[in-house]
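Engineer: Counted from 1, the sequence shown has number 358 at position 358 by this note's numbering; the numbering is strictly sequential.
For glycine and all other residues, C-beta sits at the position ideal for the given N, C-alpha and C.
Predicted model, so just to flag it, every value in this text is computed and none were measured.
The structure follows.
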Amino acid sequence: MQSMLSILLLLLANTTAGYLVPNSPGKYNVTLTTGPLIDYTRNDPYAATPTPRALMLSVFQPATCASTVPVPDMPNKIADYQGPFLEKTFNISVNLTPLFLEARLPVCSDHPDSCSPLDDGPILLFSPGYSIPRLYYNVLASAIASEGFTVITIDHPEDANIIIYPDGHAVYNNASILSSPTWDEYPRAADASFVIDQLSNATAMAELLPQRGPRPFPTDRVAMLGHSVGGASAIIAASRDPRIRGAINWDGTIFGSPPPSGLSQPVQIMSQPVLFMSHQNYADPSWLAAWPQLKGPKLVVYVANTTHYTFSDVPTLFQAAGQSTAPFADLLGTIAPAEMVRILTAYTTAWMNGAFTGKEGGPLLQGQEPGKFPEVSTMMKGNF
Ligand SMILES: *[C@@H]1O[C@H](CO)[C@@H](O)[C@H](O)[C@H]1NC(C)=O
Ligand SMILES: *[C@@H]1O[C@H](CO)[C@@H](O)[C@H](O)[C@H]1NC(C)=O
Ligand SMILES: *[C@@H]1O[C@H](CO)[C@@H](O)[C@H](O)[C@H]1NC(C)=O
Ligand SMILES: *[C@@H]1O[C@H](CO)[C@@H](O)[C@H](O)[C@H]1NC(C)=O
Ligand SMILES: *[C@@H]1O[C@H](CO)[C@@H](O)[C@H](O)[C@H]1NC(C)=O
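See the structure below:
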């Protein structure tokens, strides 16, 4: 493994211009805008001094544009933080910072005359894994957006390992967020509801998306997706906020479920459709515990040859940088990275379309197209 890793570093060190990740595969190209949304009504429970809770967002909008330009996948300061973070988290003796530092994402240039975003399409909020910046999911968010959805990825302060705000200041993970005893205190669901509130706030939208101008977004077609604790957060948020019309959980255990005796089940009874996508072919006990609470369409699928971390951009970055994921099979799985992007995009968009039309179904979700994605199998299914 060590020699492969040395090769990786050498190759990346020589590509000063960076390497390009594949273009988004769908019908549209995408525009990318990043910026903060600040909740002046909530102080951040994990900040050292009273501070309004400030989310950083990436907004991916489907657009028609004649050409795309390569933009950095993440700011240098965030990329620099990832190598040491991953070395420590996974006990690997390689600095993966160059993988993030050199990645370039093809997006529409922000010239209004050469680019027309598809307005007012359905919206998907995305919540990342614990302590992982939202920027680890840029490729996946672009792929989903290229199918005609506005995708908004969210950094939750003190949860993401590092967030950099436009004024340059940084906020780091505060591990005491893990001691949030209940979902009422863990702030991710409230963050999602705040973003939906602000979608109707013309002033806030004009600040976040200056090109769009002071126009609110319709909030009647909003769904939520997440990875890991972000996926669990999508379900919790939807069970508490009926404006979230569907939830998709990529491989996320719902902590506190099943609840210790005396406490109530964290997933409140809900009717919105819920899709679970798993890396293992047995249902997570917390999903089984939540299952009876889900009164709408519900589905658990398993993706073979994946791990918990295949549900991120990391395998795609390896491939785009010209590196095999084989030495990292234990961490990243063996499925072809592009195939995983296709699977996650196909299931997520099919599930959202069903949520917004009020009718989940179709051959893919019904398991009637086994040849299409042989890695995917249905584990549990209900109410559709
Ligand atoms: C972490 O959060 C706790 C509240 O749980 C707060 O008292 C503490 O100051 C925070 N630490 C930092 C470094 O912000
Ligand atoms: C997307 O951009 C590429 C160039 O990067 C262009 O060839 C293609 O026509 C564009 N497609 C759409 C739908 O805008
Ligand atoms: C980290 O990896 C090294 C070398 O593989 C091993 O000796 C060490 O025990 C590991 N540390 C932890 C905390 O797992
Ligand atoms: C709307 O957004 C503006 C700008 O961020 C903010 O000052 C205002 O408080 C927001 N209004 C509401 C009702 O949240
Ligand atoms: C998993 O990968 C192996 C090769 O690594 C392949 O033989 C097998 O068919 C894959 N399983 C599925 C369900 O795609």
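Compare the C-alpha of Q61 against each of E147, L37 and A232 and name the closest.
Structural biologist: Here the closest residue by C-alpha is E147.
Engineer: Terminal residues of the continuous beta strand (DSSP E) containing F60?
Structural biologist: Unbroken beta strand (DSSP E) run through F60: P52 to C65.
Engineer: Leaving out five residues on either side along the sequence, give the residues of the same chain with a beta carbon under 7 angstroms from the beta carbon of Y309.
Structural biologist: L331 and L332.
Engineer: Assess, as a yes-or-no matter, whether the region 105 to 114 is touched by the region 65 to 83 under the definition of 3 or more beta carbon pairs within less than 8 angstroms.
Structural biologist: They touch, by the three-pair rule.
Engineer: Report all residues from its chain with a CB closer than 7 angstroms to the CB of D313; omit the five preceding and five following residues, and keep chain order.
Structural biologist: Y136, Y137, N138, V139 and L140.
Engineer: So, helix, strand or coil for A47, using DSSP?
Structural biologist: Of the three classes helix, strand and coil, the one that applies to A47 here is coil, per DSSP.
Engineer: Rounded to whole angstroms, what is the Cα-Cα separation between T316 and L101?
Structural biologist: About 14 angstroms.
Engineer: For G230, which three-state DSSP category applies?
Structural biologist: Helix.
Engineer: Quick one: residues in its chain with C-beta nearer than 8 angstroms to the C-beta of V376, no 5 flanking neighbours on either side, listed in chain order?
Structural biologist: Taken in chain order, the residues that qualify are V301, Y302, V303, A304, I343 and Y347.
Engineer: Can you list, in chain order, the residues of its chain with a C-beta nearer than 7 angstroms to that of S114? Leave out the 5 residues immediately preceding and following it.
Structural biologist: So the qualifying residues of the chain are C65 and A66.
Engineer: Per the DSSP calculation, R104 is bridged to which residue(s)?
Structural biologist: Paired residues: L20 and P72.
Engineer: Can you tell me which residues form a DSSP beta bridge with A175?
Structural biologist: Looking at the DSSP assignment, A175 forms no beta bridge with any residue, so it has no partner.
Engineer: Could you check whether M224 and G246 sit closer than 9 angstroms to each other, using their CB atoms as the reference points?
Structural biologist: Result yes, Cβ atoms of G246 and M224 sit closer than 9 angstroms.
Engineer: Would the region 151 to 166 and the region 262 to 275 be scored as touching if the rule is three or more Cβ pairs under 8 angstroms?
Structural biologist: Result no; under three Cβ-Cβ pairs closer than 8 angstroms.
Engineer: Evaluate the contact criterion for the region 317 to 326 versus the region 350 to 367: three or more CB pairs, one atom per stretch, below 8 angstroms.
Structural biologist: The region 317 to 326 is not in contact with the region 350 to 367.
Engineer: Near T150, which residues of its chain fall below 6 angstroms by C-beta distance, leaving aside the five closest residues on each side in sequence?
Structural biologist: Q61, G121 and I123, listed in sequence order.
Engineer: Taking the beta carbon of K298 as the centre, do at least 16 other beta carbons fall within 10 Å, making it buried, or is it exposed?
Structural biologist: Buried, by the Cβ-count rule.
Engineer: Heavy atom of ligand 2 less than 8 angstroms from the Cβ of K359, yes or no?
Structural biologist: No, since every heavy atom of ligand 2 falls outside the 8 angstroms radius drawn around the Cβ of K359.
Engineer: Is N385 close to ligand 2? I mean its beta-carbon at under 8 angstroms from any heavy atom of the ligand.
Structural biologist: In the structure as shown, the chain starts at 1 and stops at 384, and residue 385 therefore has no counterpart that could be examined.
Engineer: What residues in its chain sit with their C-beta under 6 angstroms from that of H279, if we drop five residues either side in the sequence?
Structural biologist: The answer, listed in chain order, is D251, T306, T307 and H308.
Engineer: Under three-state DSSP, which class holds A247?
Structural biologist: Three-state DSSP puts A247 in a strand.
Engineer: What would DSSP say about Q2, mapped onto helix, strand or coil?
Structural biologist: Low confidence applies to Q2: its pLDDT is 45, below 50, so where it sits in the model is not reliable, and the reading given next is rough at best. Helix at Q2.
Engineer: Give the single residue among H156, L294 and S93 whose Cα lies nearest to the Cα of R53.
Structural biologist: Closest option to R53, Cα to Cα, is H156.
Engineer: So who's on the other strand from I388, going by DSSP bridges?
Structural biologist: Here the chain covers residues 1 to 384 and nothing more, so residue 388 does not appear.
Engineer: What's the call for Y46, buried or exposed, on a 16-neighbour Cβ count within 10 Å?
Structural biologist: Its Cβ being crowded by 16 or more others within 10 Å, Y46 is buried.
Engineer: How far does the beta strand (DSSP E) with I154 in it reach, from first residue to last?
Structural biologist: Taken as a continuous stretch (DSSP letters only), the beta strand (DSSP E) holding I154 covers T150 to D155.
Engineer: Do you know offhand how far S193's Cα is from M56's?
Structural biologist: Approximately 15 angstroms between the Cα atoms of the pair.
Engineer: Report yes if the C-beta of L343 is less than 8 angstroms from at least one heavy atom of ligand 5; otherwise report no.
Structural biologist: Here residue 343 turns out to be Ile, not Leu, going by the sequence shown. Outside the cutoff, so no.
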